[in-house]
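Under UniProt numbering, the residue at position 103 of the sequence shown is numbered 103, and the numbers go up by one with no gaps.
Heads up, the beta-carbon is just placed ideally off N, CA and C, and yes, glycines get one too.
Heads up, the thing below is written out as structure tokens.
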Amino acid sequence: MKTGDIPAPADPLGEALHFLRMSGAFYCRSELSDPWHVAIPAIRDCLWFHVVTTGSCTLGVEGAEPRELRPGDLALVPHGRGHTLWTDAALPPSAIEKLPHEYVSDRYAVLRHGGGGTVGGIICGAVRFDHPAAAKLLELLPRLIHVAAADSPHGEWLQSSLRLMIAEAAQPRPGGETVITRLSDILVIQAIRSWMETDPVARTGWLGALQDRQIGRAISLIHRDAARDWTVASLADELAMSRSAFAARFTELVGEPAMHYVTRWRMNVALTSLREEGATVAELAGKLGYQSEAAFSRAFKRVVGVSPGSVRNRGPSRTEADLLAF
């Protein structure tokens, strides 16, 4: 195989989002009358999004410049950080979790709050992403992503999606929650894509490596076939590179040796399967290419710090989850 015959890797966002699965979603349609000021708490491993439907307000996130949000604007707060929304910053913020909500379902609520003036509308959502590739992508995002309706090159398409979400949120109907969830997937992806197209940070580190023709393909191969008996030689052969050139370039772009990445990726897959699917050690050993349960358990404990059985029984601790954050 010649280098020129190597298929280009999936686009970097597509490769990362191949594993993106929203879970634990919660949506709130807010009707807020001027003046108002609400505080949203920090929630670890959570991404918040806000879509302004009518009126305007200001969004503040620690470490980022406040942004004025207008109708049709979309904002993401990726890292679960606490943040505030207001029309009057002089008011003391009201903790949103302590305000009365009208629950339409377990995952969908309506909030009415404010000082009795002009009413504005915001759709708020909180979602989690469970797969390690998604976690890696979210880790790289800035504290705040703001997609202004007036400035977005995809404005018409974005506004069509927003209008449909607004219509579904305004009058809940059968299947409406599912429609909102699917639209949220699209809107979050669109906001992340907008960031990737405009921020130079998106072309460095792990995302930068994904965009490299050869190393991006290597990462894709590892992600999509974790059970294969990968070696530096076999990966280099897939890319028509010498072992030394591949090893050096992978470490330079990704920040760690290729085989460290392979092992860590397998352990991330294992951790997700143990936590969410209740997979057995035997199942994971076979799924991830280990010759025995003992070999898999040793590798897992070396990387994670505890046995796979203990994670399966109680779920991962914060330390374990942080350790696997690449």
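Nearest to E65 (by Cα), restricted to the options E97, R143, G255: R143
Can you tell me where the alpha helix (DSSP H) with H223 in it begins and where it stops? 213-224
On a Cα-Cα basis, can you pick out the residue from H79, L74, P200 that is closest to S150? Note that residue 150 is Ala in the sequence shown here, rather than Ser. Out of H79, L74, P200, L74 has the C-alpha closest to the C-alpha of A150.
Is it the case that the Cβ atoms of I215 and V254 are separated by a distance below 9 Å? yes
What do you get for W36, buried or exposed, if any count of 16 or more other CB atoms within 10 angstroms of its CB means buried? buried
Could you tell me the distance, in whole angstroms, from the CA atom of A240 to the CA atom of R266? 24 Å
CA-CA distance, Q159 and T54? 13 Å
With I122 as the anchor, note down where its beta strand (DSSP E) starts and where it stops. 119-129
Length of the line joining the Cα atoms of F326 and K136: Note that F326 scores a pLDDT of 37, beneath 50, so its modelled location is shaky; the value from the coordinates is reported in the next line. If you take the alpha carbons of F326 and K136, they lie about 7 Å apart.
Looking at the structure shown, is W206 part of a helix, part of a strand, or coil, going by DSSP? helix
Quick check: the Cα distance between residue 335 and S273, rounded to an integer number of angstroms? Within the shown structure, residues of the chain are numbered from 1 to 326, placing residue 335 beyond reach of any answer.
So the candidates are A42, S30, R81, D88; which of them puts its Cα closest to the Cα of R112? S30
Considering Cα atoms alone, identify which of R107, P100, I40, H101 is closest to G80. I40
What are the start and end residues of the alpha helix (DSSP H) that includes Q179? For clarity, residue 179 is Val in the given sequence; the question names Gln instead. V179 -> alpha helix (DSSP H) spans 176-198.
Can you name, in chain order, every residue of its own chain whose Cβ lies under 8 Å from the Cβ of G4, other than the five neighbours on each side? Summary for G4: the model assigns pLDDT 45, below 50, so the residue's position carries little reliability, and this model does not support an answer.
Judging by CA-CA distance, which residue of A89, T178, V303, P71 is the nearest neighbour of H146? P71
Assuming G120 contacts S161 under a Cβ cut-off of 8 Å, what Cβ separation, rounded to an integer in Å, is found between them? No, G120 and S161 are not in contact; Cβ-Cβ is about 20 Å, not under 8 Å.
Compute the Euclidean distance between the alpha carbons of G289 and E238, then round it to the nearest angstrom. 19 Å
Residue from V77, G82, H50, P174 with nearest C-alpha to L69: H50
Taking contact to mean 3 or more Cβ pairs, one atom from each stretch, closer than 8 Å, check whether the stretch 207-222 and the stretch 256-266 are in contact. yes
Which residues mark the beginning and the end of the alpha helix (DSSP H) in which T263 is found? 258-277
Does W48 pass the burial test, meaning 16 or more other C-beta atoms within 10 Å, or should it be called exposed? buried
Spell out the partners DSSP gives H113 in its beta bridges. L32
Can you tell me whether S94 is helix, strand or coil according to DSSP? strand
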